[in-house]
Amino acid sequence: MADIDPPLTNGAPSSRLPPGTKWADVERDAPADVEADDEEETPYTRVRGERQASSHRVGGGGGGRGDPPPQVQSFLRNFYEDVEGRKVGNIENAYEGQFPRLSDQYYSKTRWVDPSSVSRYYADQGFEKEKDVVLILYKELFYRHLHTVGGPESAVRVRVEDREDSWGNYRDLFDYFLEVEMEKKPGRGARGLQFPYTWTFDMLDEFVYQWSQFKFFHNKTSQGRSKRSDDDGRIRFREMVALADRHIWDSARVIEYLQLLVNKSGINQYFRHNRERARGDDRIETDLGLQVGYFAIVQLLRVQCLVGDYRLALQQLDEFDFSGDSLFYRVPNCHLSLFYYMGFSYMMLRRYTDAVRVFSQVLTFLHTKKDDYLQGTAMGHLLKMKDRMYQLLLLCVCLHPHRLDESINMYLKDKHADRHARLLKDDEQEYIDVFNYASPKFVHPGYPPFDDMDDYDPTELSRTQVEVFLEEVRHQKLVPTIRSFAKLYTAIPIQKLASLMEKNEDEIREILLCVKHKGRQLVWRSGPPLSGEVVTMEEGVDFFLDHEMIHVKSTKIHHNYVQYFVHSIHTFKDMIRSVEHGLQRRERV
């Protein structure tokens, strides 16, 4: 996009507001329920019109009266013309550079220009051809910025109608992807929209984020308002019930939209096609539909993880391409999200070997790239996600020891030595603290029981996940105790072991069964991430029970160092001969 300060020319005169007309006049004079005249009806504009007619609202809030700064007006003009002209480089500059800069400069404590005002501005400028699409994209930026600056301690509030309008706008956006972009056939002269990969991923990422934030807001607010007996409290409680009745940010519909994007894009067929060919197909580089489907898979993984269905989360990746040139390497936010939620799902499924492999892979990659890979407007978020993965990795190696890459070991010793020591001492509260910090913020997918709110607890899902994890921690504590006793004997009666551990014989049998079970894990070898084979993690000793006697056998591998030393001796002799040969040649010279 051209520099935002001077007026845009792009080889053609730009439209201007009529002489003497001010932005405030545009905002004031147009009817509040009209966005454009004589719109050409398309599937997604028709649906959008029906939603607006039913809600009698345009946009989602007032960004303040008066003319926006000239730089902002220039940005809006350029943004329209660059989307219409399919100028990906300019759109990337607008998204990653100009919009954040203008937000910091003019809108750090207020809303951006109201979308309905932008719509009327475009109409007065004569921008009609792509106005619907550009407005959807502008609203995506508008509501994302609103969710960023809005909060309980901020002067900007995210209102209920803002959340509802944002939901409607995402539906418009996805309907456009499904009914327009994904219907275009390659090779027929169709010139589809193009976005920078980062923005395409961020659209879907923000969609899931706003769903989770709405669920937190809706569940907590419903609980609070149900306890109020005044008229205002009852009215506001009915508002919460009405939102549920209209299925605003409904979890099933969120998942349905993401699944539709995956299915309609044909991304899984694309993955299978590429695996069957010796030479890969690079259509995804320029095909927006494939890109949307690709990133929707990552968001389905995330959603299923947030609601606690870890098997279904990993199932989303059955066809996914993890090769070295995969698209996620070009979008750091996608890269870290993919490996974070995949690793966490493995951890909660008690597949610690796979969790360590996944976390180690991405953290080693980040170590080699330093922090240059994480540069950008989302750097703070990505660095926090990186730290969470380090702490989840710490939990995994404390529960099931693994050899780590030296760079990761050094980082953990440097940054988390004290925490590691407390975890090794089986400090249960430390496990809770690390889990609460490093785990995702779980989302209850349903609506509250509006007819019985007295016993409703919106934090129930989060507490359940902590309890499940703690139960696993308590079981894993038994493993080193049993193995330490087993290393002292080749055979030991149950009665004697019970005496040593100060437990009764039935408890010892339960503990032995638990230890044997915890010593077996499903480990990925190849194929889909959910697949794997059962592997016994023996850790030096194994045992079996024969009536009242525990028999112990050593499984420690005794390394034969003879070959190593013989090889080293021969290597050393060759070096000596080479040196002597060199000295003899010098003497002859």
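Numbering (full-length UniProt numbering), first residue to last: 1 to 589.
Virtual Cβ for every residue (Gly too), placed ideally from N, Cα, C.
For clarity, every value in this text was computed on a predicted model and none was experimentally measured.
The DSSP-derived three-state label of Ala491 is strand. Assigned with DSSP and collapsed to three states, Phe450 falls in coil, not helix or strand. When DSSP states are grouped into helix, strand and coil, Arg586 belongs to the helix group. Distance from the CA of Pro115 to the CA of Phe450, rounded to the nearest whole angstrom, comes to 34 Å. Pairing Phe543 with Trp524, the inter-Cα distance amounts to about 25 Å.
In the structure shown, Glu467 adopts helical secondary structure according to DSSP, grouped into three states. Spatial neighbours of Val134 in its own chain (CB-CB distance under 6 Å, excluding positions within 5 residues in sequence) are listed in chain order as Tyr80, Val83.
The beta-carbon distance between Tyr431 and Val473, rounded to whole angstroms, is 5 Å. This is short enough to meet the 8 Å contact definition. Gln210 carries a helical assignment under DSSP once its states are collapsed to helix, strand and coil. Between Val149 and Ser108, the CB-CB gap stays under 8 Å. The same chain holds no residue with a CB closer than 6 Å to that of His570 once the five nearest residues on each side in sequence are set aside.
In this structure, Leu193 sits away from Arg330, with a CB-CB distance that is not shorter than 8 Å.
Leaving aside the five residues that flank Asn219 on each side, the residues in its chain whose CB is nearer than 7 Å to its CB run, in chain order, His444, Pro448, Pro458. By the Cβ criterion, the stretch 308 to 328 is not in contact with the stretch 399 to 416, since fewer than three pairs of Cβ atoms, one from each stretch, lie closer than 8 Å. A straight line joining the alpha-carbon of Asn90 with that of Leu76 spans about 13 Å.
In this structure, the beta-carbon distance from Phe217 to Phe295 does not fall below 8 Å. If you check the CB distance, Val118 and Tyr143 do not come in under 8 Å. Its Cα nearest to that of Phe442, the residue Val303 stands out among Thr221, Tyr390, Val303. The Cβ atoms of Leu301 and Gln291 lie no closer than 8 Å to each other. Of the residues assessed, Ala123 falls on the buried side of the cut-off, its CB having 16 or more other CB atoms within 10 angstroms. The shortest CA-to-CA distance from Asp372 to any of Glu181, Tyr270, Asp354, Pro332 is the one to Pro332.
Distance from the CA of His335 to the CA of Phe328, rounded to the nearest whole angstrom, comes to 5 Å. Scanning Pro100, Asp321, Asp418, Leu497 for the CA closest to the CA of Pro528 turns up Asp321. Annotation for Leu424: no beta strand (DSSP E) segment contains it, though the alpha helix (DSSP H) segment containing it runs 406 to 424. For Asp546, the pairing in a beta bridge is given by DSSP as Met549.
Looking only at Ser251, Arg246, Glu130, the smallest Cα-Cα distance to Glu161 is reached by Arg246. As DSSP reads the structure, Gln521 sits in a beta bridge with Val535. Between the alpha carbons of Tyr340 and Met575 lies a gap of roughly 48 Å. Assigned with DSSP and collapsed to three states, Phe565 falls in helix. Non-local beta-carbon contacts of Ile511 in its own chain, meaning distances under 6 Å to residues more than five positions away in sequence, involve Leu478 in chain order. If you compare the alpha carbons of Gln521, Leu497, Asn436, Phe195 with that of Leu545, the shortest gap goes to Leu497.
If you draw a straight line from the Cα of Gly324 to the Cα of Leu146, it comes to about 37 Å. Nearest neighbour of Pro196 by Cα position, chosen from Tyr106, Leu461, Ile284, Ala438, turns out to be Ile284. For the 8 Å CB-CB criterion, Met203 and Leu178 do not form a contact. Per DSSP, Pro68 lies in no alpha helix (DSSP H) and is assigned neither H nor E. The shortest C-alpha to C-alpha distance from Gln375 to any of Val156, Glu96, Ile136 is the one to Glu96.
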